[in-house]
Amino acid sequence: MNLRRNPRIGVVSDSNLQRLALAQTVKGHGYELSFNTSPDRLDEKTLDEADLDAWVVDMQDEDDAFLDRLLDHTEVPILFGLEEAPSQGARHYPRWERRVFVKLKETVGEPVQDQRLEELEQQPEGLVQAVDLPPEIQDYHSDTLELVCILAASLGGPAAVKEFLDFLPKGLPVAFVLAQHIDERMLGTLAHVLVRHNGIPCKIAEAGDRITAGEMLIAPVTSEIDFGPEGEVIYRNMKWDGPYSPSIDQITANVTRCFGSRAGALIFSGMGGDGSIAGPQLQEAGGFIWAQTAETSACASQPDAMRATGVVTFNGSPKELAAHLVEHVRQRIALPA
137 MNLRRNPRIG VVSDSNLQRL ALAQTVKGHG YELSFNTSPD RLDEKTLDEA DLDAWVVDMQ
197 DEDDAFLDRL LDHTEVPILF GLEEAPSQGA RHYPRWERRV FVKLKETVGE PVQDQRLEEL
257 EQQPEGLVQA VDLPPEIQDY HSDTLELVCI LAASLGGPAA VKEFLDFLPK GLPVAFVLAQ
317 HIDERMLGTL AHVLVRHNGI PCKIAEAGDR ITAGEMLIAP VTSEIDFGPE GEVIYRNMKW
377 DGPYSPSIDQ ITANVTRCFG SRAGALIFSG MGGDGSIAGP QLQEAGGFIW AQTAETSACA
437 SQPDAMRATG VVTFNGSPKE LAAHLVEHVR QRIALPA
């Protein structure tokens, strides 16, 4: 367990809408929101007693008196100059959120996450019964990949992804690529615990590996990966673009470019809105995007952010997502009557 204190953030704005957007971004990306208020409600005593790691301040109207008071009574960083938030459903809203997160990350560091992999390692076998494999799929054979499915997850994601995988039947002609926000040192443990009960072949992706039906590749943390025309893994030997590692946006864009309408993405529990920029690109290419329901997510920020883009066509628990995927594959490969 990470014993570092989660950074505490105070949000101050004289605009209700901007304050709401900033507060949602702070909480949604995993930071502790300690203050969310207008400037007129912060007196000197409150400022002196505030135990924060940073202030996020956005003023629509000039208020020199408040700013002087804030500067005189705080020693922690103050983030100014954030642009006005677009409406949450706007296509460029995820980019605005990402810019705010980048500033926070540069100022106070990463939020603290505890993925609780130890609990998954101790989980007994036989807790779930896999979905039945339809006869149409049992008799299906193809030399080409039928479907490549991105599994996108962050905080709370390992438990949700494992539950989803445990419900899948053996023999499903789907290749999986997992993009999980996690400490690099935990990748080996993650690869083990996710498949310990379902037996799905799984490994951390390396150069020359190939996306294969019925198997799962885990995106590495330290280097971006891409895919060749035959599904072979290409190691870029460069950091992932953006503030997240691995970047769900980047992996989605790369899979979309390579597989187009043969690709899909499932958005599981997680912080922030990673994936929401590239999600519409996948939909436009003919792929699908589904998301875990908020009530079954340990942290609903990530699936909620994707839902806000308007591209999610199915919502469900991990079990419901597994059953829906099986039916989706059956319909794709069913022979005409």
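Using this note's numbering, you'd call the opening residue of the sequence shown number 137 and step up by one each time.
Don't be surprised by glycine CBs; every beta carbon is placed ideally from N, CA and C.
All values derive from a computational prediction rather than experimental measurement.
Counting the other CB atoms within 10 Å of its CB gives ARG398 a total of 16 or more, which places it among the buried residues. Checking the DSSP bridge columns, you'll see THR173 partnered with VAL148. Here the C-alpha atom of ASP179 lies approximately 18 Å from the C-alpha atom of PRO213.
In this chain, the alpha helix (DSSP H) harbouring VAL238 covers 229 to 244. Its Cα nearest to that of GLY406, the residue ALA296 stands out among VAL244, ALA296, GLY225.
Between the C-alpha atoms of LEU218 and THR210 there is a straight-line separation of about 20 Å. Between LEU326 and GLU220, the alpha-carbon positions lie close to 39 Å from each other.
Within its own chain, the residues whose Cβ lies closer than 8 Å to the Cβ of LEU215, once the five positions on either side in sequence are excluded, are ALA190, TRP191, VAL192, VAL193, LYS239, LEU240, THR243, listed in chain order. Just so you know, the alpha carbons of ILE370 and THR348 end up roughly 15 Å apart. The distance from the Cβ of GLU299 to that of LYS455 is about 7 Å, consistent with a contact at the 8 Å cut-off.
Here DSSP, grouped into helix, strand and coil, assigns GLN428 to strand.
Our two residues, TYR380 and ILE413, have alpha carbons roughly 13 Å apart in a direct line. Residue environment: ALA341 is assigned as buried (16 or more neighbouring CB atoms within 10 Å of its CB, all protein chains considered). If you draw a straight line from the Cα of SER290 to the Cα of HIS317, it comes to about 5 Å.
Ranked by Cα distance from VAL331, the first of PRO305, VAL465, GLU168, ALA421 is PRO305. In the structure shown, ASP194 falls within a strand segment according to DSSP collapsed to helix, strand and coil. The residues VAL264, HIS333, ASN334, in chain order, have a CB closer than 6 Å to that of ASP302 in the same chain once the five nearest residues on each side in sequence are set aside.
Look at ARG466 here: in three-state DSSP terms it is helix. Contact annotation: ARG205 and LEU183 have beta-carbon atoms nearer than 8 Å. Look at GLU282 here: in three-state DSSP terms it is coil, with no helix or strand label. Secondary structure in the segment 296 to 342: the beta strand (DSSP E) runs of 3 residues or longer, each lying completely within the stretch, are 311 to 316, 338 to 340 in chain order. Counting along the chain, LEU353 sits inside the beta strand (DSSP E) bounded by residues 352 to 354.
The shortest CA-to-CA distance from HIS328 to any of ARG321, LYS339, ILE384, ALA311 is the one to LYS339.
When C-beta atoms of the segment 141 to 160 are compared with those of the segment 169 to 177, three or more pairs fall below 8 Å, so the two segments count as touching. For ASP362, the enclosing beta strand (DSSP E) stretches over residues 361 to 363. When secondary structure is reduced to three states using DSSP, PHE450 falls in the strand class. As DSSP reads the structure, GLY400 sits in a beta bridge with CYS285, PHE424. Per DSSP, reduced to three states, the secondary structure at VAL267 is coil, with no helix or strand assignment.
Distance from the CA atom of ARG234 to the CA atom of ARG468, rounded to whole angstroms, is 35 Å.
The criterion of a C-beta distance shorter than 8 Å is satisfied by ALA434 and GLY292. Scanning its chain for C-beta atoms nearer than 7 Å, with the 5 sequence neighbours on each side dropped, one finds around ASP385 the residues GLY378, ASP410, GLY411, ILE413, ALA414, in chain order. In this structure, the beta-carbon distance from ILE273 to PRO309 falls below 8 Å. If you check the CB distance, ILE403 and ALA226 do not come in under 8 Å. DSSP lists GLU368 as the beta-bridge partner residues of ARG346.
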